[in-house]
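Participant: Protein chains in written order, with this note's numbering: chain A, 7 to 315; chain B, 269 to 561; chain C, 1096 to 1346. Built from N, CA and C at the ideal position, the CB exists for glycine as well.
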Amino acid sequence: MLADFWGAEFVLLTLPPLVIATLAALTCALPGNFLILRRQAMLGDAMSHVVLPGIVAAYLLTGSAATPVMLAGAMAAAALSALMIEGIRRLAGTDAGVAMGITFTTLFAAGVLLLEQSGASSVHLDVEHALYGNLEGVIWFDATGWASLLDPVALAGLPPEVGGLALVLAIVAAAMWLVWRPLVISTFDEGFARTAGIPVTLLSAGLVGLTALAAVAAFSAVGSILTIAMLICPPATARLMTDSLPAQVRLSLVFAASSAILGTLVAGYLPPLIGLPGTVSASGMIAVVSGGSLALAALFGRHRRPRSA
Amino acid sequence: MLSALLLQSGYNAALVAIGAALLGFAAGMVGTFVNLRRRALVSDAMAHATLPGIGLGFLAMVALGGEGRALPGLLAGAALTAALGLWAVQALTRTRLTEDAAIAAVLSTFYGAGIVILTVIQTLGAGKPAGLETVLLGSTAGMLEMDAITLAIGGALVLAVLAVLRRALVMTAFDPGHAAMMGIRTRAMDTALMLLTLAVVLLGLRVVGLILIVALLVIPAAAARLWSDRAGVVAMIAGGIGAAAGHIGAALSATVPDLPTGPVIVLLCFAAFALSLILSPKRGLLRRLGHAG
Amino acid sequence: MVEPIPLTAEPALAIRDLRVSYGANPVLDGVTASLARGAMTAIIGPNGAGKSTLLKAALGLIPSLGGTALAFGKPVGQALPPIAYVPQRAAVDWDFPARALDVVLMGMYRRTGLLGRIGKAETTAAMECLSRLGMADFATRQIGALSGGQQQRVFLARALAQGAELYLLDEPFAGVDAATEAAIVTLLKSLRDEGRSIVAVHHDLSTVSAYFDRVLLLNRRTIAEGPVATTFRQEAVARTYGNQIATAIPA
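1. What are the start and end residues of the alpha helix (DSSP H) that includes ASP368(B)?
2. Residues of the segment 498 to 523 of chain B with a CB closer than 7 Å to any CB of chain C: list them in chain order, please.
3. Can you list, in chain order, the stretches of the beta strand (DSSP E) that have 3 or more residues and sit fully within the segment 1107 to 1155 of chain C?
4. Just grab the DSSP bridge partners of ASP51(A) for me.
5. Quick check on the burial criterion: 16 or more other C-beta atoms within 10 angstroms. Buried or exposed for TRP146(A)?
6. So, are the CB atoms of MET1203(C) and GLU1217(C) less than 8 Å apart?
7. Using beta carbons (cut-off 8 Å, strictly below), is MET1201(C) in contact with chain B?
8. With 7 Å as the C-beta to C-beta threshold (strictly closer), list the residues of the segment 407 to 438 of chain B near chain A in chain order.
9. Nearest to LEU1154(C) by alpha carbon, out of LEU339(B), VAL501(B), SER544(B) and MET450(B)?
10. The beta strand (DSSP E) that contains GLU1320(C), what's its start and end?
11. Can you tell me where the alpha helix (DSSP H) holding GLY143(A) begins and where it ends?
12. Is the CB of ILE487(B) under 8 Å away from at least one CB in chain C?
13. Any beta carbon of chain B sitting closer than 8 Å to that of PHE1233(C)?
14. Distance check for ALA1221(C) and THR1235(C), CA to CA, integer angstroms please.
15. Skipping 5 residues on each side, what residues in its chain have a beta carbon closer than 7 Å to that of MET247(A)?
16. Exposed or buried, which one is ARG1194(C) when buried takes at least 16 other CB atoms within 10 Å?
17. Tell me where the beta strand (DSSP E) around LEU43(A) begins and ends.
18. Keeping to the same chain, check which residues put their C-beta closer than 6 Å to that of GLY103(A); ignore five residues upstream and five downstream.
19. Taking 8 Å as the CB-CB limit, is GLY346(B) close to chain A?
20. In angstroms with no decimal places, state the Cα-to-Cα distance between PHE1233(C) and ILE322(B).
21. At a Cβ threshold of 8 Å, is LEU304(B) touching chain C?
22. Hey, LEU464(B) and VAL298(B) are a contact pair by Cβ (cut 8 Å); roughly how many whole angstroms apart?
23. Check the C-beta distance from GLY139(A) over to LEU232(A) and give it rounded, since I have them as a contact under 8 Å.
24. List, in chain order, every chain B residue whose beta-carbon is nearer than 8 Å to that of VAL1187(C).
25. Below 6 Å CB to CB, which residues in the same chain sit around PRO1101(C) once its five sequence neighbours on both sides are set aside?
26. So with CB distances below 7 Å, who are the chain B contacts of LEU91(A)?
27. Quick check on THR363(B): does DSSP put it in helix, strand or coil?
28. Using a Cβ-Cβ cut-off of 8 Å, state whether GLY353(B) counts as contacting chain C.
29. Considering Cα atoms alone, identify which of VAL214(A), LEU164(A) and GLY143(A) is closest to ASP51(A).
30. Of the residues ALA522(B), ALA489(B) and PRO528(B), which one's Cα is nearest the Cα of GLY510(B)?
31. Buried or exposed for GLY274(A), please, with buried defined as at least 16 other CB atoms from any protein chain shown within 10 angstroms of its CB.
32. Would you say the segment 510 to 523 of chain B touches the segment 140 to 159 of chain A, given that touching needs at least three Cβ pairs under 8 Å?
33. Kindly indicate if chain B contains any beta-carbon less than 8 Å away from that of VAL17(A).
34. So, is the C-beta of GLY299(B) closer than 8 Å to a C-beta in chain C?
35. Check each candidate in ILE1138(C), ALA1128(C) and LEU1156(C) and name the one with the smallest Cα separation from SER1304(C).
36. Which residues does DSSP pair with TYR275(A) in a beta bridge?
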């Protein structure tokens, strides 16, 4: 049984979703730390919704489902949504919550409609994919066992998502490392940052961009809505555990990775153990695990209480 | 298509279109108060939090020997987990997390739990789960006379409660401190508003779906705000916009194949919002351009 | 000047040993004061003396650690209907879809209640409240489209519409234009002349004598309370402000 568990099937079927989920969770947690400190958590929500119309539109325009094309489409949609939110806020004078609510529901609705009407759904994307993600669909066909991890031929046949996600993670991490100090300063005190000559507006646009990038990367793994869990839950959990920002970021990465791994494994292996046929949604389970850790932190976290004013 | 709008394409389609119009009216009215009290995103979290309850309701009814899809069971489950989600948002805001983070976390966690339960139902193969996922994006296909009547009665009840509480709700939204001094129990009013919102969400599950129902609350109300400076008038206009979007959307999706109902209604709402933004007498773009020129 | 007000049986507002802390810092350290009926009383004191806090705590809008506040001999909670409170600057959404008239009508909620229709009588009464503050011409303006002083007058008109016996005002003249200040003073004096009681947190020491009958000098505790002529004196003000005194005050 245990040998079975760790056998070739694991490398073939379980390892790829596990790696992909972990990479996606790490990628999202990094910008998520700043979203929650800047009270922009719902911006993450908006970004994860608008990825869908971006990807669909890009596919319809170019006929290609290649990763760079999808990425460009999603980034364009993210930029459009940021403009829409700001435009509605200024022109209609609504508060930010309403402006976001209008923007992401409209763009998401447009994405679903495009998908259903265009026939793109039969080719590469479908609505379920957008709602549930597609972790279980990722299989490493070229793997024969653990030895394949060292086999260049088999490695070349890794699911393309793995390489793409690793690249995005590297980009996001590098960008965050580069702008760390100015980003921290402008998050804490925007007015001071401005007077200190920090390009505050550019930084905040950059954060939106990184969030969109992370959301695109996670979208293919866990779908639109569960991306929010990856963006917000691990950083929020970490925030309740520590007062130090570097420690918060490190902890959020730990929680992100452990939620991804635990969620994937529970979804794949728990149902048979308790007598259910088949498996349950891994992306859903990851969200549940990350939400569960947040609940625990909210109950027992050392720094859960707000400082009294 | 025209015949669908004019209620001539069959008894069921006509009933569904009328039901959707009533839903839209109630949603626009309630949404006005939701916007004024700044509860738009909380409502979104509550809508997403209905999903696990729908799944659990289904499983419970199968366990009791039913076929699972009976509406009362699904709605009871949905109401239960939505209330739990609302409570979770409030509990999380008592920590150092801000409300937006609490909303995002609850929304995604509950939705994730719902997806897990839906896949459990699929693997079990019990009951008649086909079509359960239409609660995500809504579908008027296969709606029956019974569903339309439920919408009509539910919508009427929501409107009746709103008619009684409207003044207290407006005062609570405008100035809670003053409202309390005037003898209004503001916490009870907030609870009532959330219950009304929950009622709209539950009524809207079949037609618009839980992912997009917040749009039917928020967008008509935001559009209506551009036409009037009086809360009561705003609510009426919002109801009108919601009703029109619901009616036309349901009729369109009944006639054009592969046209999911929820997204169509949402896009119609947005069209009304965009038009209002251009034409509004006070804030309209036309008027602004006129001033500039 | 105004005749000394004969103290009737029950003071408008009787505060006993009221204590409030923000965190570890006591803001009100056992304040006791008895504010006369039918008079205009100014609450005077330096920044951080707890003036606004005193009003809010007396009304029960913020929790107090101890002490009581009686309005007309009854606990404030039970006496609330005859009390109107106007905060320094209402913390409302200025974009709210409400016109000046709608805001004033909100002051009549106790009369109209949940279902009562707002009829001609209510609208006329609300218009009258606006008129008394010189705001009748602005009745149909959206509340956010008014100037700060005009907004302050609308909120005062709302208090007026409540038909209260006791008016608690938090710095009614802060940041308003001269026309508004004059309109408010005239209104408050006419209310006083109708036998109602007014208590206002006040900042401008130079107008105390002109506007008010009585003063409560406050700095975390009551320094002195009484008629302006006898209480608002250099020595007492100096004790209140810790010697950074205004020389314009009679010795």
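Facilitator: In this structure, then:
1. One-based indexing of the second sequence puts residue 368(B) at position 100. Counting along the chain, the alpha helix (DSSP H) containing ASP368(B) begins and ends at 367 to 392.
2. ARG498, ALA499 and VAL502
3. Every beta strand (DSSP E) of 3 residues or more that sits fully in the segment 1107 to 1155 of chain C is shown, in chain order, as 1108 to 1117, 1120 to 1130 and 1135 to 1139.
4. Within the first sequence, residue 51(A) is the residue found at index 45, counting from 1. BP columns for ASP51(A) are empty, so no partner.
5. Taking the first residue of the first sequence as 1, we reach residue 146(A) at position 140. TRP146(A) is buried by the Cβ-count criterion.
6. Within the third sequence, numbered from 1, the residue matching residue 1203(C) stands at position 108. Within the third sequence, numbered from 1, the residue matching residue 1217(C) stands at position 122. A contact, by the Cβ cut-off of 8 Å.
7. Indexing the third sequence from 1 puts residue 1201(C) at position 106. So, interface residue.
8. none
9. Within the third sequence, residue 1154(C) is the residue found at index 59, counting from 1. Comparing Cα-Cα distances from LEU1154(C) to each of LEU339(B), VAL501(B), SER544(B) and MET450(B), the minimum goes to MET450(B).
10. As a first step, residue 1320(C) is located in the third sequence; it is residue number 225 there, counting from the start. Note, GLU1320(C): beta strand (DSSP E), 1317 to 1322.
11. In the first sequence, the residue the question calls residue 143(A) occupies position 137. Where GLY143(A) is concerned, there is no enclosing alpha helix (DSSP H), given that its DSSP letter is neither H nor E.
12. The residue you call residue 487(B) lines up with position 219 of the second sequence. False, the Cβ-Cβ gap to chain C never drops below 8 Å.
13. Locating residue 1233(C) in the third sequence gives position 138, where the first residue counts as 1. At least 8 Å separates the CB of PHE1233(C) from every CB of chain B.
14. On the third sequence, position 140 is the one that residue 1235(C) refers to. On the third sequence, position 126 is the one that residue 1221(C) refers to. Approximately 12 Å between the Cα atoms of the pair.
15. Here the question's residue 247(A) lines up with position 241 in the first sequence. So the list reads LEU257, ALA303, GLY307, ARG308 and HIS309, once near-sequence residues are dropped.
16. On the third sequence, residue 1194(C) is found 99 positions in, with the first residue counted as 1. So ARG1194(C) ends up on the buried side.
17. In the first sequence, the residue the question calls residue 43(A) occupies position 37. First-last for LEU43(A): 21 to 43, but that is the alpha helix (DSSP H), not the beta strand (DSSP E).
18. As a first step, residue 103(A) is located in the first sequence; it is residue number 97 there, counting from the start. Result list for GLY103(A): empty, nothing under 6 Å.
19. Your numbering for residue 346(B) matches position 78 in the second sequence. Checking the sequence shown, residue 346(B) turns out to be Ala, not Gly. No, no contact with chain A.
20. Translated into positions along the third sequence, residue 1233(C) becomes position 138. Translated into positions along the second sequence, residue 322(B) becomes position 54. Just so you know, the alpha carbons of PHE1233(C) and ILE322(B) end up roughly 52 Å apart.
21. If you number the second sequence from 1, residue 304(B) lands on position 36. Chain C, which has a Cβ nearer than 8 Å to the Cβ of LEU304(B), makes this yes.
22. Your numbering for residue 464(B) matches position 196 in the second sequence. Your numbering for residue 298(B) matches position 30 in the second sequence. About 5 Å; that satisfies the 8 Å criterion.
23. By one-based count along the first sequence, residue 139(A) stands at place 133. By one-based count along the first sequence, residue 232(A) stands at place 226. About 6 Å; that satisfies the 8 Å criterion.
24. One-based indexing of the third sequence puts residue 1187(C) at position 92. Residues of chain B passing the Cβ test: PHE442 and ASP443.
25. Within the third sequence, the letter at position 6 stands for residue 1101(C). Confidence at PRO1101(C) is low in this model, with a pLDDT of 48, below 50, so its placement is unreliable and the value that follows should be read with caution. Contacts found: none.
26. Residue mapping note: residue 91(A) aligns to position 85 of the first sequence, counting from 1. In the sequence on display, residue 91(A) carries Ile and not Leu. Residues of chain B passing the Cβ test: none, with the nearest at roughly 12 Å.
27. As a working note, residue 363(B) is residue 95 in the second sequence. In this structure, THR363(B) counts as coil in the three-state DSSP scheme.
28. Walking along the second sequence from the start, residue 353(B) turns up at place 85. It does not: the Cβ of GLY353(B) has no partner Cβ on chain C nearer than 8 Å.
29. Walking along the first sequence from the start, residue 51(A) turns up at place 45. Residue nearest to ASP51(A) within the set VAL214(A), LEU164(A) and GLY143(A) is VAL214(A) (criterion: CA-CA distance).
30. Position 242 of the second sequence holds residue 510(B). In terms of CA proximity to GLY510(B), ALA489(B) leads the group ALA522(B), ALA489(B) and PRO528(B).
31. For the purposes of this step, residue 274(A) is taken as residue 268 along the first sequence, with counting starting at 1. The residue is buried, with at least 16 neighbouring Cβ atoms inside 10 Å.
32. no
33. Sequence index remark: in the first sequence, residue 17(A) carries index 11 (1-based). Among the CB atoms of chain B, none fall inside 8 Å of the CB of VAL17(A).
34. Your numbering for residue 299(B) matches position 31 in the second sequence. GLY299(B) does not count as touching chain C.
35. One-based indexing of the third sequence puts residue 1304(C) at position 209. Comparing Cα-Cα distances from SER1304(C) to each of ILE1138(C), ALA1128(C) and LEU1156(C), the minimum goes to ILE1138(C).
36. For this step, residue 275(A) is matched to residue 269 along the first sequence. Answer is none; TYR275(A) lacks a bridge partner.
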